[in-house]
Ligand SMILES: Nc1ncnc2c1ncn2[C@@H]1O[C@H](COP(=O)(O)OP(=O)(O)OP(=O)(O)O)[C@@H](O)[C@H]1O
Ligand SMILES: [Mg+2]
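Listed below in structure tokens is the structure:
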């Protein structure tokens with residue numbers, strides 16, 4: 008029970024931290040390039056695919072934490088990451104691809120539950136707590152975004168991060184204040 012309470016507090020904290028931090032214009036390409044350089048210096052390569060600048064109103068530290076958790080997983084379980092940024096329907100997507108074993112389809116959602124670690128990683132003595140994905144999801148959802156996992160047809164895992172459109176906040180406020 009105590010463990011569960013602690014976990015809930017941790018996730019609430021992640022959620023809270025991410026909304027307490029002010030929104031600021033963040034160059035997503037720059038933030039990812041910094042993370043890639045930092046992580047590559049101490050582990051398998053994290054490579055960022057060139058793309059035009061994406062500047063979005065974001066909570067820098069919270070977003071950094073969420074992306075770092077996903078990149079570290081790709082390094083730990085997939086021996087490195089290839090990161091792409093794209094833009095569709097007013098939303099921005101970050102994809103983090105690795106060339107590891109992927110995750111059985113039946114477990115793709117379960118790994119977002121706190122402390123869920125798959126047998127393959129447990130026996131590999133990688134020593135994580137099983138909180139990286141739940142924290143990443145808590146942060147991104149608090150941002151109006153999302154993270155999901157899929158297995159790539161060519162092998163390996165893809166984590167897809169969706170970030171809301173830059174003007175979504177303004178749009179939501181406009182809708183909320185509309186006279187009925
Ligand atoms: N890129 C990946 N490839 C294969 N399996 C993965 C990948 N990312 C996560 N997993 C599986 O999902 C589990 C949960 O991941 P999560 O990041 O939540 O925890 P962790 O990495 O075990 O520990 P922590 O992130 O707290 O140090 C991992 O233990 C691993 O089994
Ligand atoms: Mg992890």
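Residue numbers (this note's numbering): 8 to 187.
We put the beta carbon where it would ideally sit given N, CA and C, even for glycine.
For residue 32, the uninterrupted beta strand (DSSP E) run begins and ends at 31 to 34, by DSSP. The residue from 95, 150, 40 with its alpha-carbon nearest to that of residue 54 is 40. Along the segment 11 to 83, the beta strand (DSSP E) occurs as fully enclosed runs of 3 or more residues at 31 to 34, 53 to 55, 62 to 65, listed in sequence order.
For residue 142, the enclosing alpha helix (DSSP H) has its first and last residue at 139 to 149.
For residue 113, the three-state secondary structure derived from DSSP is helix.
Nearest to residue 123 by C-alpha distance, out of 107, 105, 142, 108, is 142. In the pairwise beta carbon analysis, the segment 164 to 172 is classified as touching the segment 95 to 105: at least three pairs are separated by under 8 angstroms.
Contact between the segment 63 to 70 and the segment 82 to 98 is not established, with fewer than three Cβ pairs separated by less than 8 angstroms. Look at residue 85 here: in three-state DSSP terms it is helix. Excluding residues up to 5 positions away in sequence, 115, 164, 165, 167 lie with their Cβ nearer than 8 angstroms to the Cβ of residue 157 in the same chain. A straight line joining the alpha-carbon of residue 137 with that of residue 108 spans about 18 angstroms.
Comparing alpha-carbon positions, the option among 50, 99, 113 lying closest to residue 83 turns out to be 50.
Counting other Cβ atoms within 10 Å of its Cβ, residue 56 stays below 16 and is therefore classed as exposed. Look at residue 119 here: in three-state DSSP terms it is helix. In this structure, ligand 2 has no non-hydrogen atom nearer than 7 angstroms to the beta-carbon of residue 107.
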